[in-house]
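S.K.:
See the structure below:
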């Protein structure tokens, strides 16, 4: 089976819902040319060459940092996503499927990195050049804290000691999923779509990982407790006492984590 790679270009700043003007053709970003009237100034060949180099540099920067170019049909898909939640979402990045097995699909998937009005980020999958949203990650944003609370309570039931650290996570559910579903419905949908939470247990001193957790782990990083339905990917670390004392009981994201002080443990 042959794996084919397709190189794509993606933008990197912010557009959003309903911002593309269909009447305007999509053009690549170009740096402004440096011009002047010949009667005002006479350029030498060297100055002209420098001018060209500066223009090329500006063009390269514009291509890398300019607003994300969203095709008209895909913009319609994003508008549907905004309408679903009654929110305005900004586009941070657009990435066309660049990896597939065997033959290239007729229609590629496009992953969008989006941001809501509060600065929370999530992903959505749209069909290339179509107004079709396949997967929606905003439901995860709305229920992320409840997922963490549920997971923390489960781990605490197996091992009361230690600090819990939830890394950067994301998840998606089908676009048809209702915007106003409750947490139980979301949790079930998250599990049905192979949802997974990445987390760590941090201990110090003579504390050991509980027998219950070790038995559940059984040498595997990923586990899927029946009590939760979705998967957990758990890492274990030992840290010095002073650093342990400085951590909150539950840590979210990378803020406050000094990886140089983490000693990785093998469990199960």
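Residue numbers (the working numbering): 976 to 1243.
Backbone N, C-alpha and C fix where the C-beta goes; we use that ideal spot for every residue, glycine too.
Under 8 Å: do the stretch 1143 to 1150 and the stretch 1095 to 1103 share three or more Cβ pairs, one atom per stretch?
M.R.: By the criterion of at least three beta-carbon pairs nearer than 8 Å, the stretch 1143 to 1150 is in contact with the stretch 1095 to 1103.
S.K.: Can you give the Cα-Cα distance for residue 1066 and residue 1206, rounded to whole angstroms?
M.R.: Within the chain shown, numbered from 1, the residue matching residue 1066 stands at position 91. Within the chain shown, numbered from 1, the residue matching residue 1206 stands at position 231. Using only the alpha carbons, I get a separation of about 29 Å.
S.K.: Use the C-beta contact count for residue 1195: other C-beta atoms within 10 angstroms, 16 or more gives buried, fewer gives exposed.
M.R.: Along the chain shown, read from residue 1 onward, the residue named residue 1195 stands at position 220. Under the 10 Å beta carbon count, residue 1195 is surrounded by fewer than 16 other beta carbons and is classified as exposed.
S.K.: What residues in its chain sit with their C-beta under 6 Å from that of residue 1003, if we drop five residues either side in the sequence?
M.R.: The residue you call residue 1003 lines up with position 28 of the chain shown. Since pLDDT at residue 1003 reaches only 37, below the 50 mark, its modelled position is unreliable, and the value read off the structure follows with that caveat. None.
S.K.: For a test of the three-state rule: what should DSSP assign to residue 1145, helix, strand or coil?
M.R.: Along the chain shown, read from residue 1 onward, the residue named residue 1145 stands at position 170. Residue 1145 falls in the coil class under three-state DSSP.
S.K.: Taking contact to mean at least 3 C-beta pairs separated by less than 8 Å, is the stretch 1123 to 1133 in contact with the stretch 1060 to 1079?
M.R.: By the criterion of at least three beta-carbon pairs nearer than 8 Å, the stretch 1123 to 1133 is not in contact with the stretch 1060 to 1079.
S.K.: Assign residue 1235 to one of three DSSP states: helix, strand, or coil.
M.R.: In the chain shown, residue 1235 corresponds to position 260, counting from 1. In the structure shown, residue 1235 sits in a helix (DSSP, three-state: H, G or I).
S.K.: Straight-line CA distance for residue 1236 to residue 1214?
M.R.: Here residue 1236 refers to the residue found at position 261 when the chain shown is read from its first residue. Here residue 1214 refers to the residue found at position 239 when the chain shown is read from its first residue. Cα to Cα, residue 1236 sits roughly 6 Å from residue 1214.
S.K.: So residue 1172 is in the beta strand (DSSP E); what residue range does that whole segment cover?
M.R.: The count along the chain shown starts at 1 and reaches residue 1172 at position 197. Per DSSP, residue 1172 belongs to the beta strand (DSSP E) from 1171 to 1179.
S.K.: Quick check: the Cα distance between residue 1141 and residue 1230, rounded to an integer number of angstroms?
M.R.: In the chain shown, residue 1141 corresponds to position 166, counting from 1. In the chain shown, residue 1230 corresponds to position 255, counting from 1. Cα-Cα distance, rounded: 11 Å.
S.K.: What residues in its chain sit with their C-beta under 8 Å from that of residue 1129, if we drop five residues either side in the sequence?
M.R.: Along the chain shown, one-based indexing puts residue 1129 at 154. Excluding residues within five positions, the ones whose Cβ falls inside 8 Å are 1200, 1202, 1203.
S.K.: What do you get for residue 1007, buried or exposed, if any count of 16 or more other CB atoms within 10 angstroms of its CB means buried?
M.R.: Taking the chain shown and counting its residues from 1, one reaches residue 1007 at position 32. The pLDDT assigned to residue 1007 is 35, lower than 50, so where the model puts this residue is not dependable, and the model offers no usable value.
S.K.: Look at the Cβ atom of residue 1048, then the Cβ atom of residue 1105, and state whether they are nearer than 8 Å.
M.R.: Within the chain shown, numbered from 1, the residue matching residue 1048 stands at position 73. Within the chain shown, numbered from 1, the residue matching residue 1105 stands at position 130. Their beta carbons are under 8 Å apart, which means residue 1048 touches residue 1105 by this criterion.
S.K.: Assuming residue 1108 contacts residue 1055 (C-beta within less than 8 Å), just tell me the rounded distance between them.
M.R.: To locate residue 1108, count along the chain shown from 1; it is residue 133. To locate residue 1055, count along the chain shown from 1; it is residue 80. With a Cβ gap of about 6 Å, residue 1108 and residue 1055 count as contacting.
S.K.: Excluding the 5 residues preceding and the 5 following residue 1170 in the sequence, name in chain order all residues of the same chain whose CB lies nearer than 6 Å to its CB.
M.R.: Taking the chain shown and counting its residues from 1, one reaches residue 1170 at position 195. Around residue 1170: 1146, 1205.
S.K.: Can you look up residue 1052 in the DSSP assignment and give me helix, strand or coil?
M.R.: Position 77 of the chain shown, counting from 1, holds the residue named residue 1052. Correct three-state label for residue 1052: helix.
S.K.: Starting from the C-beta of residue 1180, find all residues in its chain whose C-beta is less than 7 Å away, skip the five residues before and the five after it, and write them out in chain order.
M.R.: As a position in the chain shown, residue 1180 is number 205, starting the count at 1. 1216, listed in sequence order.
S.K.: Am I right that residue 1238 and residue 1212 are in contact with their C-beta atoms under 8 Å? What's the rounded C-beta distance?
M.R.: Taking the first residue of the chain shown as position 1, residue 1238 is located at position 263. Taking the first residue of the chain shown as position 1, residue 1212 is located at position 237. At roughly 6 Å, the Cβ-Cβ gap stays under 8 Å, so residue 1238 and residue 1212 are in contact.
S.K.: Within the same chain, show all residues whose beta-carbon is closer than 8 Å to that of residue 1228, passing over the 5 residues directly before and after it, in chain order.
M.R.: The count along the chain shown starts at 1 and reaches residue 1228 at position 253. Around residue 1228: 1141, 1142, 1143.
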